[in-house]
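Heads up: the structure comes next, in structure tokens.
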Amino acid sequence: MDQEQRLARQQKIRNFSIIAHIDHGKSTLADRILERTNALTAREMKSQLLDSMDLERERGITIKLNAVQLNYTAKDGETYIMHLIDTPGHVDFTYEVSRSLAACEGAVLVVDAAQGIEAQTLANVYLALDNDLEILPVINKIDLPAADPERVRQEVEDVIGLDASEAVLASAKAGIGIEEILEQVVEKVPPPSGDPSAPLKAMIFDSLYDPYRGVVAYIRIMEGTVKPGDKIKMMASGKEFDVVEAGVFTPKVTLRDELTVGDVGFLTASIKNVADSRVGDTITLANNPAEEALPGYRRLNPMVYCGMYPIDTSKYNDLREALEKLELNDAALQFEPESSQALGFGYRCGFLGLLHMEIIQERIEREFNIDLITTAPSVIYHVHMTDGEVLNIDNPAMMPDPQKIEYVEEPYVKATVMVPNDFVGAVMEICQQKRGNFMTMDYLDNSRVSIIYELPLAEIVYDFFDQLKSGTKGYASFDYELIGYKDSKLVKMDILLNAEKVDALSFIVHKDFAYERGKVIVDKLKTLIPRQQFEVPIQAAIGQKIVARQTISAIRKNVLAKCYGGDISRKRKLLDKQKEGKKRMKQVGSVEVPQEAFMAVLKMDDQSK
Amino acid sequence: MVKGMYIHIPFCHQICFYCDFNKVFFKDQPVDAYIESIGQELALWKQEGALDQPLETVFLGGGTPTALTPEQLERLLELIHKHVPMAEGVEWSSEANPDELTREKMEVLFKGGVNRLSMGVQTFDQDLLKRLGRTHANEDVLRAVETAREVGFSNISFDLMYGLPGQTMAQWDETLERAFAFDMPHFSAYSLIIEPKTVFYNLMVKGKLNTVTEDLEGDMYERLMDEMEKHGLHQYEISNFAKPGHESRHNLLYWDNEEYIGVGAGAHGYVNGVRYSNHGPLKKYMEPLAAGTRPVLDSTEVTMKAQMEEEMFLGLRKTAGVELAHFGEKFGTPLEQVYGDILEKEQAKGNLAVEQGYVKLTEKGRFVGNEVFEQFLLS
């Protein structure tokens, strides 16, 4: 292609994302658009194609982003090249969302015609506005009996301040309004600007590891042109690679001779590690580099940490290999070796959030077949020592002696909760209980309210979301952003089993809640740890002071006093089962402790209610 | 070498709420044909040479053997005699439901060679009995025992159950007291285990079964052992008590890890190093026999390792325990060599004792037998 062809083609490109609250129909809409543009034959069409990993499909959440090139012949008779960029729908992955939005000029905002705007919708709209995107409101699920499109249209105008007069009324499920959406994309979303002959600036908005190709970097070309054979340079890391392949997804992998301004596709360059292809980084040409990188790059730092230990200590190396493999594909995952007196050797792992943590944990257990003990998640505390030193503590067990601590700071978030006004009381109660500071409350319309609190991240990491869901019958939607660190009266709570401190059970708690939590956790542990052949005292202690105590009494009777008419195999099966059950437990000192006990601190509030 | 035989009669007039053995309602079943099938299975065993040596014990269990009519019982015993050689002084037991045990049936059994009755008394609390789905009344027990003694049975055992839903210690005490009044030479006392596919299980799943706590069950077990001791019945196995000389030899045969033939639908056996089970459904049991083959559902040759494990987790159920010398002789390896560390560990915990050439559960260990037995699994 020469320069003129490239510029002409550029005018026909439309790049857009779909943003929506979970369950508002984003994936279904994506499917319909793919169908409409004949990107797939019916036989190839699997439901919700863009969510490719099994785990994503099971959880209904998109974790990895994808980008698809589509050809659409509009009513004006012209054929347009569209790139549909999928975004993950969870607060843990906000940064990735912002980068994939930065790869677009427009966003289709899907709002459920019955439920209206939710917290995540709003958060994502703001991200889109930050990136100067043209936003096209779509009111989806208009065929539902509870649909009230006019109310929702008004809400979009009042709450977000968008002109919703031309909002498409759609039902992705029934295929209503798809054509109209695509026409609006053609009409309203501006074509990419940028000079194909300028030095290359390609933004990485995702990357994944492929065992045969190495890292596949998902990119959007902002300036310049790239082709196989080019020597490229990552502007943040300075590393250089030779491009092997460049191409797009249709959604099948389709190789291209070049990618130029406006193109959304991928390149491979024998990159061994996703850490060398970080989301938000700018790719340029090594011998004709751009002067400055694209704005917005930031290195992702984990927010939540936990210890991961193999139940079977001989699987320590397997666990390392599993984490290394996952890391290839997940630049946000961090881990380093640590050891625990109670659990032996394992890894301290850092995650973007709780969901990210659960996904990694599940993948290790499922894909690598390693039974894990995961300690309760912790945030990073800033511990200011009396000698002026500041420690970043991500493991409660490592909290220094209180005598040496001047003060401790913990991360706070601004949490936005949207609920029908019947549940305002419930939400406020939960937030209050979670040490929240009330900020503001706004009526979105006459039945829905947006409530903003400042909350310690640690409380959200625990079971805030579960409580919120159950406290509001699932009506609440929730989003948060980190706002910084604040001084907090925090203490370390130790748990002793059979008079031995179990480091893996230690947790940090606010002083004012310490006694109550101590009591709740010993009660909870009593229900989780099975009776042993001896009495096991459980104690919660702050420093040397015992604040709560429970006792698991010894096994009174466990002997099969039944005759099975000579059926010895039944006795054997029973003993086998008993033995198998114990293998799933961790021997801590002389006490057999089941997996769940290490997460007990997370579930404390089930009981306090 | 085969020492005993278990024969399963899978018919009941009433199904107890806790029972998960192979059984069917008596009504409309091919009972006569089933008895003939037992004869066919016995004949096959004889052909195979498993019955060349006279047996020392025979046990009729179920289901309920006494569900059969006197004529059916007579035919069953006749077939057994036809095929099964019995040693001098054979112990021949039959399970019996007190309310079904008529004088006529008892006479048939006694004349036919049965010399030991195991009566399903379970409890003397009428209310609890009903809640177990049992049909007999306390008077039935009294009448059955009196008649049995008149007919000539001296070796009679009661089966008792404890840890029943809603059972209190006072109720258990009363059952024990009433039981001792009969001056029985033998008792088996089992704690209720709730098994899947029983009425109790379904109730439990629905949260409608008032199960006893582990602590109460433990207390009842302790009370049982104390009271038996006081009444001159020594405990020779986890759940069995007898006056000296009245220990059930058939029962001990299981715990001694000896071989026995299991006959009948769903029966289990252990012959020539192979543990097997028969098909449970009547049709599946009877059809192969009619065609001249044994109705085996499943059979496994017991490996040396598994034999050692069984020797231990069965043998340790006996008060006497496992004889070190016997183990060494049987397996060619000293017990200490196979299980040395476990013996040491469990002795340190106070669960096992090694005395006079035997390894046995201590009184403490008896309460947590399963925890100890589990240690002897080698895998």
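Protein chains in written order, with the numbering used here: chain A, 12 to 620; chain B, 680 to 1058. Where is the CB? At the ideal position from N, CA and C, for every residue including glycine.
- Unbroken beta strand (DSSP E) runs of no fewer than 3 residues, entirely contained in the region 208-242 of chain A, are found at 212-221, 225-234, following chain order.
- Residue pairing of C360 of chain A in beta bridges, as defined by DSSP: A:C317, A:F346.
- Residues of chain A with a Cβ closer than 9 angstroms to the Cβ of K1028 of chain B are, in chain order, Q544, F545.
- Using a Cβ-Cβ distance cut-off of 8 angstroms, the region 349-366 of chain A and the region 573-593 of chain A are not in contact, since fewer than three pairs of beta carbons, one from each stretch, lie closer than that value.
- For V1047 of chain B, the residues of chain A that pass the 7 angstroms Cβ criterion are Q544, I566, N569, V570, in the order they occur in the chain.
- By DSSP's assignment, R459 of chain A forms a beta bridge with A:P431.
- Per DSSP, reduced to three states, the secondary structure at K1043 of chain B is helical.
- By the 16-neighbour rule on beta-carbons within 10 angstroms, H687 of chain B is buried.
- Closer than 9 angstroms at the C-beta level to chain A, one finds these residues of the region 983-1004 of chain B: A985, E988, E989, F992, L993, R996.
- For Y933 of chain B, the residues of chain A that pass the 7 angstroms Cβ criterion are G577, in the order they occur in the chain.
- Of all residues in the region 741-758 of chain B, none has a C-beta nearer than 8 angstroms to a C-beta of chain A.
- Separation of V953 of chain B and P974 of chain B (C-alpha to C-alpha, rounded to the nearest whole angstrom) is 15 angstroms.
- F832 of chain B and A868 of chain B have their C-alpha atoms some 21 angstroms from each other.
- Remark: C-beta atoms of Y496 of chain A and E465 of chain A do not approach each other more closely than 8 angstroms.
- Listed in chain order, the beta strand (DSSP E) runs fully inside the region 681-725 of chain B are 681-688, counting runs of at least 3 residues.
- Within chain A, not a single residue places a beta-carbon under 8 angstroms from that of Y964 of chain B; the smallest gap is close to 15 angstroms.
- Contact note: Q589 of chain A reaches chain B through N1049, E1053, using a C-beta cutoff of 7 angstroms and chain order.
- Cβ-Cβ distances below 7 angstroms link K445 of chain A to L466, E470, F475 in the same chain, with the five nearest sequence neighbours on each side left out; the list follows chain order.
- The C-beta of R973 of chain B comes no closer than 8 angstroms to any C-beta of chain A.
- Judged by beta-carbon spacing, G1000 of chain B lies within the 8 angstroms limit of L1040 of chain B, meaning their Cβ atoms are closer than that value.
- Secondary structure at F803 of chain B: coil, using DSSP grouped into helix, strand and coil.
- Within chain B, no C-beta atom comes nearer than 7 angstroms to that of L180 of chain A; the closest sits roughly 48 angstroms away.
- Excluding the 5 residues flanking it on each side, G205 of chain A has same chain C-beta neighbours closer than 6 angstroms at M233, E234, V272, in chain order.
- Between G952 of chain B and chain A, the shortest Cβ-Cβ separation is not below 8 angstroms.
- By the neighbour-count criterion, in which 16 or more other beta carbons inside 10 Å mark a residue as buried, P156 of chain A falls on the exposed side.
- The continuous beta strand (DSSP E) containing T295 of chain A extends over residues 293-296.
- According to the DSSP assignment, R928 of chain B belongs to the alpha helix (DSSP H) that extends over 928-934.
- Check the Cα spacing between K522 of chain A and each of A:Y454, A:I171, A:I553, A:P407: the tightest is with A:I553.
- In the DSSP assignment, I532 of chain A falls within the unbroken alpha helix (DSSP H) covering 525-539.
- If the five residues before and after T385 of chain A are omitted, its C-beta is found closer than 6 angstroms to the C-beta atoms of C317, M319, Q372, all from its own chain and listed in chain order.
- Secondary structure within the region 568-608 of chain A: the beta strand (DSSP E) runs of 3 or more consecutive residues, fully enclosed, are 596-599, 602-605 (chain order).
- Under a 10 Å Cβ-count criterion, G258 of chain A is classified as buried, with 16 or more other Cβ atoms of the shown protein chains found around its own Cβ.
- Contact between the region 271-286 of chain A and the region 175-193 of chain A is absent: fewer than three C-beta pairs spanning the two stretches fall below 8 angstroms.
- In this chain, the beta strand (DSSP E) harbouring I940 of chain B covers 938-942.
- Under the 8 angstroms criterion on CB atoms, L539 of chain A is classed as non-interfacial with respect to chain B.
- Secondary structure at P156 of chain A: coil, using DSSP grouped into helix, strand and coil.
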